[in-house]
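**Q** The structure is given below, and queries will be raised subsequently.
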Amino acid sequence: MFPPIDGAILRSNPDFANLYTKLTNVVLNPDGSTREDPAVKERQRVKDELDKHRLQAAKQHLLTQALSSLTPPPPSRAPNPRQPQRPTLPEPLLDLLLILPPLLAPLGPGVAEDDVSLLLSSPPLTELDGLMPDLTSLLSSHLRSSALNLARITHPSTNPSYLHRHIPALATSFATLTQQERDAHQSLVKARLEALSKLLELMDLYVCCLTKLIRTLESKHGVIARNLDLRATEASLEARHVHQNVEMALHTTAGHVYSPDAMAALNKYALHLKDAKARTRERIKSLTAELGSYGVGIPGDEAKERTMREMARVYRDMARQVEDAKGDLKRLQQRG
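This is the structure:
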């Protein structure tokens with residue numbers, strides 16, 4: 003498996019990301035070997051041959067382990083408790099089960115050649131052909147029990163009555179589980195890298211927030227902020243002082259420009275103007291009431307208003323005619 007690389011490194015280095023993608027997908031195999039080796043066919047042939055030898059050695063190892071761990075079944079109980087228990091297997095087969103494990107164990111204590119020759123020339127090994135059916139039956143039962151245990155592990159949710167159906171697919175199940183374990187490990191490594199990347203981003207954000215918080219605190223409670231606050235307070239006090247001086251100067255200037263008599267006269271004139279304004283309002287009210295008596299400005303008396311306006315027009319015409327007649331008489335008198 004290739005060493006994991008952080009996604010942030012690939013994103014920040016596009017050229018390296020392209021090279022890494024090409025190496026992992028085109029040039030190299032998942033195990034790190036090259037895909038363009040001219041001797042790959044020869045290696046594949048050797049690998050297939052090695053797999054055959056491994057399979058044969060695995061079979062022999064399984065048989066050896068099964069024979070070494072093979073135990074006879076428990077003896078059956080007699081119907082009558084007074085009768086002694088009798089084993090279900092013949093005595094030669096039991097002796098054979100006791101003799102074979104030391105002979106087949108490769109890492110066990112060695113057996114002298116004389117002892118081996120004596121064992122091979124003595125029962126029950128001399129009767130091996132006759133004991134072979136019972137031995138193979140017992141060995142088959144043991145292997146089947148072990149296979150059922152493996153099937154139970156690989157398929158825990160299957161009914162025990164149907165576990166024997168999964169025995170032929172144990173190799174495939176083991177390969178699938180192994181691949182799933184590798185994929186899960188790779189996914190876990192990738193998830194850890196992503197979590198580490200997110201953690202780094204979170205730490206960067208945390209540092210940025212702390213930096214901004216410190217700057218805010220410094221700007222609010224630091225030396226510069228205090229200096230600005232003191233300057234603002236000083237400017238406010240100076241503005242108040244100037245305002246008071248201006249008000250005092252205004253009062254002083256007003257006292258110099260206007261004498262007490264002029265101020266008294268101006269006050270009396272202001273009272274007179276106020277009284278005249280009040281009288282003007284009263285006069286306007288009285289004239290408005292008088293016009294209202296003639297129907298002017300009164301809603302609903304439009305006919306009366308028109309009549310009064312017509313009378314006023316006729317009056318103006320008659321007054322103009324009278325003035326014209328007086329002028330004519332005056333000219334006639336001047337000629338006479």
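For the sequence shown, this note's numbering begins at 3 and goes up steadily by one.
Think of the CB as a built atom: it goes at the ideal place given N, C-alpha and C, for glycine as much as any other residue.
Computed from a predicted structure; not experimentally measured.
What's the C-alpha gap between arginine 88 and serine 142?
**A** Only weak support is given to the placement of arginine 88: the predicted model assigns it a pLDDT of 48, under 50, and the value that follows is read from those uncertain coordinates. If I take the Cα positions, the gap works out to 23 Å.
**Q** CA-CA distance, glycine 132 and valine 42?
**A** C-alpha separation (whole angstroms): 50 Å.
**Q** So, is leucine 275 buried or exposed, given that buried needs 16 or more other C-beta atoms within 10 angstroms?
**A** Leucine 275 should be labelled exposed.
**Q** Rounded to a whole number of angstroms, what is the C-alpha to C-alpha distance between glutamine 67 and glutamate 129?
**A** Distance between the alpha carbons of glutamine 67 and glutamate 129 is about 22 Å.
**Q** With H, G and I counted as helix, E and B as strand and the rest as coil, what does DSSP make of threonine 178?
**A** In the structure shown, threonine 178 sits in a helix (DSSP, three-state: H, G or I).
**Q** Please state if the CB of histidine 168 and the CB of glutamate 180 are separated by a distance shorter than 9 Å.
**A** Just to set this straight, residue 180 is threonine in the shown sequence, not glutamate. No. Outside cutoff.
**Q** Around the Cβ of leucine 99, are there at least 16 other Cβ atoms within 10 angstroms (buried) or fewer (exposed)?
**A** By the neighbour-count rule (16 or more Cβ atoms within 10 Å), leucine 99 is buried.
**Q** Could you give the distance in angstroms between the alpha-carbon of serine 163 and the alpha-carbon of leucine 69?
**A** Each residue's alpha carbon lies about 26 Å from the other.
**Q** What residue does the alpha helix (DSSP H) around histidine 63 start on, and which one ends it?
**A** Start and end: 42–71.
**Q** Within 10 Å of its beta-carbon, does alanine 153 have 16 or more other beta-carbons around it, so buried, or fewer, so exposed?
**A** Flag for alanine 153 reads buried.
**Q** Does DSSP classify threonine 160 as helix, strand or coil?
**A** In this structure, threonine 160 counts as coil in the three-state DSSP scheme.
**Q** Quick one: residues in its chain with C-beta nearer than 7 Å to the C-beta of tyrosine 22, no 5 flanking neighbours on either side, listed in chain order?
**A** Within the same chain, tyrosine 22 has close Cβ partners Ile7 and Leu12.
**Q** To the nearest angstrom, report how far apart glutamine 335 and valine 324 are at their CA atoms.
**A** Their backbone Cα atoms lie some 16 Å apart in a straight line.
**Q** Could you tell me if proline 32 is buried or exposed, where buried requires 16 or more neighbouring beta carbons within 10 angstroms of its beta carbon?
**A** It counts as exposed.
**Q** In angstroms, rounded to a whole number, what distance separates the CA positions of leucine 65 and proline 104?
**A** Computed Cα separation, rounded: 14 Å.
**Q** Tell me whether proline 126 is buried or exposed, calling it buried when 16 or more other Cβ atoms sit within 10 Å of its Cβ.
**A** Buried, because 16 or more other Cβ atoms sit within 10 Å of the Cβ of proline 126.
**Q** Looking at the unbroken alpha helix (DSSP H) that takes in serine 123, where does it start and where does it end?
**A** Counting along the chain, serine 123 falls outside any alpha helix (DSSP H), and DSSP gives it neither H nor E.
**Q** Tell me whether the beta-carbon of histidine 144 lies closer than 9 Å to the beta-carbon of leucine 72.
**A** Going by C-beta atoms, histidine 144 is nearer than 9 Å to leucine 72.
**Q** Going by beta carbon distance, what residues of the same chain come within less than 8 Å of serine 199, once the five residues before and after it are set aside?
**A** Excluding sequence neighbours, serine 199 sits near Asp8, Gly9 and Ala10.
**Q** Buried or exposed for asparagine 15, going by 16 or more other Cβ atoms inside 10 Å?
**A** By the 10 Å Cβ count, asparagine 15 comes out exposed.
**Q** In whole angstroms, give me the CA-to-CA distance for lysine 270 and alanine 278.
**A** Between lysine 270 and alanine 278, the C-alpha separation is close to 12 Å.
**Q** Identify every run of the beta strand (DSSP E) within the region 217–280, keeping only runs that are complete inside it and at least 3 residues long; order them along the chain.
**A** The qualifying runs do not exist here; there are none.
**Q** Measuring straight from C-alpha to C-alpha, what distance separates alanine 173 and alanine 149?
**A** The straight-line gap from Cα to Cα measures roughly 11 Å.
**Q** Using the rule of at least 16 other Cβ atoms within 10 Å of the residue's Cβ for burial, across every protein chain shown, is leucine 102 buried or exposed?
**A** Result: buried.
**Q** Please confirm whether tyrosine 296 and lysine 287 have their CB atoms less than 9 Å apart.
**A** Cβ atoms of tyrosine 296 and lysine 287: not closer than 9 Å.
**Q** Give a yes or no on whether the C-beta atoms belonging to aspartate 53 and arginine 45 are separated by under 9 Å.
**A** Not in contact: aspartate 53 and arginine 45 (Cβ atoms no closer than 9 Å).
**Q** Taking the Cβ atom as the reference point for each residue, do tyrosine 260 and leucine 268 lie within a distance shorter than 9 Å?
**A** In contact: tyrosine 260 and leucine 268 (Cβ atoms closer than 9 Å).
**Q** How big is the Cα-Cα spacing for leucine 202 and phenylalanine 18?
**A** Cα to Cα, leucine 202 sits roughly 21 Å from phenylalanine 18.
**Q** Looking at the unbroken alpha helix (DSSP H) that takes in glutamate 325, where does it start and where does it end?
**A** First-last of the alpha helix (DSSP H) with glutamate 325: 304–337.
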